[in-house]
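Here's the structure we're looking at; comments come further down.
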Amino acid sequence: MDLQAYFARIGHDGPLAPDRATLTALMQAHLAAFPFENLDVQLGRPVSIEPEAIFEKLVVRRRGGWCFEQNGLFGRVLEALGFDVRRISAGVMRHVHGEGAMGNHLALMVALEGRPWLVDVGFGGMQAAPLPLAPGSEHHPPYDVALRRVEGWWRFEERYGEGDPFSYDFHDAPADEALFARRCSELQRQPESPFVQNLVVLQRRGDRHTTLRGRVLTRRGPAGETHELLPDAEALVERLERCFGLRLPEAAELWGTVCARHAALFPDEA
Numbered sequence: 342m343d344l345q346a347y348f349a350r351i352g353h354d355g356p357l358a359p360d361r362a363t364l365t366a367l368m369q370a371h372l373a374a375f376p377f378e379n380l381d382v383q384l385g386r387p388v389s390i391e392p393e394a395i396f397e398k399l400v401v402r403r404r405g406g407w408c409f410e411q412n413g414l415f416g417r418v419l420e421a422l423g424f425d426v427r428r429i430s431a432g433v434m435r436h437v438h439g440e441g442a443m444g445n446h447l448a449l450m451v452a453l454e455g456r457p458w459l460v461d462v463g464f465g466g467m468q469a470a471p472l473p474l475a476p477g478s479e480h481h482p483p484y485d486v487a488l489r490r491v492e493g494w495w496r497f498e499e500r501y502g503e504g505d506p507f508s509y510d511f512h513d514a515p516a517d518e519a520l521f522a523r524r525c526s527e528l529q530r531q532p533e534s535p536f537v538q539n540l541v542v543l544q545r546r547g548d549r550h551t552t553l554r555g556r557v558l559t560r561r562g563p564a565g566e567t568h569e570l571l572p573d574a575e576a577l578v579e580r581l582e583r584c585f586g587l588r589l590p591e592a593a594e595l596w597g598t599v600c601a602r603h604a605a606l607f608p609d610e611a
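Residues in the sequence shown are numbered consecutively from 342, following our numbering.
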């Protein structure tokens, strides 16, 4: 892997010692450079979890990706720098969807300072810094994040304001890689997959977070929250580039599907 190309992509020219300061700096630079996005799934293009394909897409072609790509890439970078990294399997909203959710999310556990730390650059940018694997909460503006023990599981939660928490459950054990491969395939092909149903792009830059879900662009930061309803395909392509650094003119092809999904979810606005 070309580490210098990765560092150039994220704009990092600082220290590379395998310590917490470096880990935090790399995590924040990665989040600011790579949006979480499922545009290839929406366009019907296969998403690979092979390391070479991920590097070419995210670093060379300057795209973003989902957890299997983002945490896959970040984990390999950390290992190359001498960090002790373990890939872990998680289940997003497992307490709602049951055990079938396990393996639908890849996160990382990094051993530092004599203890494990949860590191996740593939959950849409909610977590802004490593979290020690212990019950507790932190404010990662504009979100509150927490780790809890629930019935033998670890649960990561993120919350904005007074809204309901969004979470995933996990055990601190090495991941089942065959399960990841199967779940990655299912999530990009099954009609009920949220990644098949909805266009999603999310990115954190510092204490600001931007989300595009279908036609709705949401910005959160120190001044609060704003929403914008995109009017047409040209606006979709323009916002992808301006807000997320994604130059993808073929995204205009998705406009009809995006509008149909919006009308189904919000019939009063149709």
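We put the beta carbon where it would ideally sit given N, CA and C, even for glycine.
As the structure is a prediction and not an experimental result, all values here were calculated from the model.
Legend entry - Three-state secondary structure (DSSP) of residue 426: The residue given as residue 426 occupies position 85 in the sequence shown. Here residue 426 sits in strand by DSSP.
Inset, instruction - Rank 426, 372 and 378 by C-alpha distance to the C-alpha of residue 529 and give the top, closest one. - result: Locating residue 529 in the sequence shown gives position 188, where the first residue counts as 1. Nearest of 426, 372 and 378 to residue 529, Cα basis: 378.
Inset, instruction - Could you spell out the range, first to last residue, of the beta strand (DSSP E) harbouring residue 684? - result: The question about residue 684 has no answer, for the chain in this structure spans 342 to 611.
Inset, instruction - Report the residue from 463, 417 and 401 whose alpha carbon sits nearest the alpha carbon of residue 409. - result: For the purposes of this step, residue 409 is taken as the residue at position 68 of the sequence shown. Closest by alpha carbon: 463.
Inset, instruction - Starting from the C-beta of residue 487, find all residues in its chain whose C-beta is less than 6 Å away, skip the five residues before and the five after it, and write them out in chain order. - result: Along the sequence shown, one-based indexing puts residue 487 at 146. Only 478 and 498 meet the Cβ criterion.
Legend entry - Per DSSP, the bridge partner or partners of residue 571: By one-based count along the sequence shown, residue 571 stands at place 230. Paired residue(s): none; residue 571 is not in a bridge.
Inset, instruction - Inspect the CB distances between the stretch 514 to 523 and the stretch 440 to 447 and report whether three or more fall short of 8 Å. - result: These segments touch.
Inset, instruction - Give me whichever residues DSSP pairs with residue 484 in a beta bridge. - result: As a first step, residue 484 must be located in the sequence shown, where it is residue number 143. DSSP output for residue 484 lists 481 as bridge partner(s).
Inset, instruction - Taking residue 441 as the reference, give the member of 510, 397 and 480 with the closest Cα. - result: Here residue 441 is taken as the residue at index 100 of the sequence shown, counted from 1. Measuring from the Cα of residue 441, the nearest candidate turns out to be 510.
Inset, instruction - Report all residues from its chain with a CB closer than 6 Å to the CB of residue 541; omit the five preceding and five following residues, and keep chain order. - result: Residue mapping note: residue 541 aligns to position 200 of the sequence shown, counting from 1. Only residues of its own chain outside the window of five on either side were considered, and among them 379 and 554 have a CB closer than 6 Å to the CB of residue 541, listed in chain order.
Inset, instruction - Could you pull the start and end residues of the alpha helix (DSSP H) that residue 357 belongs to? - result: If you number the sequence shown from 1, residue 357 lands on position 16. Per DSSP, residue 357 belongs to no alpha helix (DSSP H) and is neither H nor E.
Legend entry - Endpoints, the beta strand (DSSP E) within which residue 446 is located: As a first step, residue 446 must be located in the sequence shown, where it is residue number 105. Unbroken beta strand (DSSP E) run through residue 446: 443 to 453.
Inset, instruction - Flag this pair as yes or no: are the beta carbons of residue 424 and residue 344 separated by less than 8 Å? - result: As a position in the sequence shown, residue 424 is number 83, starting the count at 1. As a position in the sequence shown, residue 344 is number 3, starting the count at 1. Not in contact: residue 424 and residue 344 (Cβ atoms no closer than 8 Å).
Legend entry - 8 Å Cβ cutoff met for residue 567 and residue 560: Position 226 of the sequence shown holds residue 567. Position 219 of the sequence shown holds residue 560. Cβ distance < 8 Å, so residue 567 and residue 560 count as in contact.
Inset, instruction - Just mark residue 435 as buried or exposed, buried being the case when its beta carbon has 16 or more other beta carbons within 10 Å. - result: Against the sequence shown, residue 435 aligns to sequence position 94. Buried, because 16 or more other Cβ atoms sit within 10 Å of the Cβ of residue 435.
Inset, instruction - Using DSSP bridges, identify the partner residues of residue 381. - result: On the sequence shown, position 40 is the one that residue 381 refers to. Residue 381 is bridged by DSSP to nothing; it lacks a bridge partner.
Inset, instruction - Taking residue 490 as the reference, give the member of 513, 484 and 481 with the closest Cα. - result: Translated into the one-based positions of the sequence shown, residue 490 becomes position 149. Per the Cα distances, 513.
Legend entry - Range covered by the alpha helix (DSSP H) that runs through residue 498: Translated into positions along the sequence shown, residue 498 becomes position 157. Unbroken run through residue 498 is the beta strand (DSSP E), 494 to 500; no alpha helix (DSSP H).
Inset, instruction - Leaving aside the five residues before and after residue 551 along the sequence, list all residues of the same chain whose C-beta is less than 6 Å from its C-beta, in chain order. - result: Start at 1 with the first residue of the sequence shown, and residue 551 comes out as number 210. Scanning its chain for C-beta atoms nearer than 6 Å, with the 5 sequence neighbours on each side dropped, one finds around residue 551 the residues 544, 560 and 584, in chain order.
Inset, instruction - Report the residue from 372, 356 and 526 whose alpha carbon sits nearest the alpha carbon of residue 350. - result: Counting from 1 along the sequence shown, the entry for residue 350 is found at position 9. Distance check between residue 350 and each of 372, 356 and 526 places 372 closest, using alpha-carbon atoms only.
Inset, instruction - Name the two residues that bound the continuous beta strand (DSSP E) containing residue 464. - result: As a working mapping, residue 464 is identified with position 123 in the sequence shown. That residue, residue 464, is in no beta strand (DSSP E); it is neither H nor E in DSSP.
Inset, instruction - Can you give me the start and stop residues for the alpha helix (DSSP H) that residue 389 sits inside? - result: Numbered from its first residue, the sequence shown carries residue 389 at position 48. Boundaries for residue 389: no alpha helix (DSSP H) harbours it, and the DSSP string shows neither H nor E there.
Inset, instruction - Give me the Cα-Cα distance between residue 370 and residue 361, rounded to the nearest whole angstrom. - result: As a working mapping, residue 370 is identified with position 29 in the sequence shown. As a working mapping, residue 361 is identified with position 20 in the sequence shown. Near 14 Å, if we compare the C-alpha coordinates of residue 361 and residue 370.
Inset, instruction - Spell out the partners DSSP gives residue 457 in its beta bridges. - result: Along the sequence shown, read from residue 1 onward, the residue named residue 457 stands at position 116. Beta-bridge pairing links residue 457 to 452.
Legend entry - Buried/exposed call for residue 451, threshold 16 Cβ in 10 Å: Walking along the sequence shown from the start, residue 451 turns up at place 110. So residue 451 counts as buried.
Inset, instruction - Indicate, with yes or no, if the ligand PLP has a heavy atom lying under 7 Å from the CB of residue 363. - result: With respect to small molecules bound, the structure shown includes none, and the ligand PLP cannot be examined in it.
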